[in-house]
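First the structure, in the form of structure tokens, and then the observations on it.
Residue numbers (full-length UniProt numbering): 1 to 286.
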């Protein structure tokens, strides 16, 4: 039996198909470089087309594979300093320990989380404690059962108030070429169902249904989409929802290590109005 996906990744195939690689409303730039010693540098930046605001972040990642240690440090354009320390498979096989911290020098605001991840055939569990908010404990677990069935749940608990603040559940049926999943979020009040199907090596299709039971008379949201590989270096995507929002995307590997994404979202009910969004992203890797 293999390791099941993490709780948050149940249904990931359909989410990636429907919502990933649509950089609408912004211009994004990502540069990744790796030194001969294995140190990775990442520069992220994006500009919002609506208000012109620019956000950027520099990350440095050091990896010591022999000792299972990874250190990631970041500095954002909003002057947030962040650090993440990971230790994998040293205390026990399949166990990863993680410490996340951030600091805002201007205000002195701090945040810290301690997390664990444990995975074995048939089991994937995670837990984290937010030390400065509550503190709050959040944990999730997924079980791989027979016939490719995966069950998962998530819960958050406020230590100070002694109350469960949220809980959720999910189930998925995962095959090589297709995936079905259902989720009950927000204390079992928001429900989603999704599917993904790789029809052929060139064609993928998927859909998602969303309903919020807390909204009286709230409509059901439906998204359907597809991806078509033009060749080994290019692909196109299309997605439309039941409110008439059409999204189109084109991805092209310009050369090894350089990827371009162009995307647009169009309100088909307001074609003559300024209700449309376009965007692009560029990713460089060495």
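Where a beta carbon is used, it is the ideal one built from N, C-alpha and C, also for glycine.
Cβ distance (whole Å) where residue i is taken to contact residue j below 8 Å
i           : j           : result
residue 277 : residue 269 : At roughly 15 Å, the Cβ-Cβ gap does not stay under 8 Å, so residue 277 and residue 269 are not in contact.
residue 141 : residue 156 : Incorrect: roughly 13 Å between the Cβ atoms, too far for contact.
residue 150 : residue 240 : Not a contact, Cβ separation roughly 29 Å.
residue 100 : residue 113 : 4 Å
residue 34  : residue 242 : With 8 Å as the limit, residue 34 and residue 242 do not qualify as a contact, their Cβ atoms being about 44 Å apart.
residue 17  : residue 227 : 6 Å
residue 32  : residue 40  : 7 Å
residue 56  : residue 38  : Not quite, the Cβ-Cβ distance comes to about 24 Å (not below 8 Å), so this is no contact.
Cβ shell of residue i (< 6 Å), same chain only, five flanking positions each side left out
i           : result
residue 229 : 202 and 235
residue 207 : 195 and 224
residue 70  : 63 and 86
residue 169 : 153 and 184
residue 171 : 151 and 182
residue 233 : 253
residue 193 : 182 and 209
residue 211 : 191 and 220
residue 102 : 80, 82 and 111
residue 129 : 114, 135 and 137
residue 4   : 124, 142, 144 and 150
residue 78  : none
residue 281 : 23, 28 and 261
residue 166 : 156 and 187
residue 204 : 17, 198 and 227
Neighbourhood of residue i by C-beta, 8 Å cutoff - its chain only, sequence neighbours within 5 removed
i           : result
residue 95  : 88, 89, 116, 117 and 118
residue 53  : 47
residue 218 : 211 and 212
Boundaries (first-last residue) of the alpha helix (DSSP H) holding residue i
i          : result
residue 19 : 12-19
Beta strand (DSSP E) segment containing residue i, residue limits
i           : result
residue 252 : 245-255
residue 212 : 203-212
residue 142 : 136-144
residue 261 : 258-267
residue 151 : 149-158
residue 92  : Here residue 92 belongs to no beta strand (DSSP E), and DSSP marks it neither H nor E.
residue 285 : 277-285
residue 24  : Element bounds for residue 24: n/a, residue is neither H nor E.
residue 235 : 234-241
residue 181 : 178-185
residue 172 : 163-174
residue 196 : 190-198
Per DSSP, cross-strand counterpart(s) of residue i
i           : result
residue 113 : 100 and 130
residue 86  : 70 and 98
residue 224 : 207 and 240
residue 125 : 118 and 141
residue 229 : 235
Residues near residue i in its chain [Cβ-Cβ closer than 7 Å; skip 5 each side]
i           : result
residue 24  : 247, 263, 264, 265, 277, 278 and 279
residue 258 : 284
residue 58  : 43, 74 and 75
residue 160 : 134
residue 329 : Because the chain here runs from 1 to 286, residue 329 falls outside it and cannot be looked at.
residue 50  : 25
residue 1   : 121, 122 and 144
Within-9 Å CB hit, residue i to chain D
i           : result
residue 276 : Judged by its chain identifiers, the structure shown contains no chain D, having just a single protein chain.
Residue ranges of each beta strand (DSSP E) within the stretch 27-81, 3 or longer: 40-48, 54-64 and 69-76
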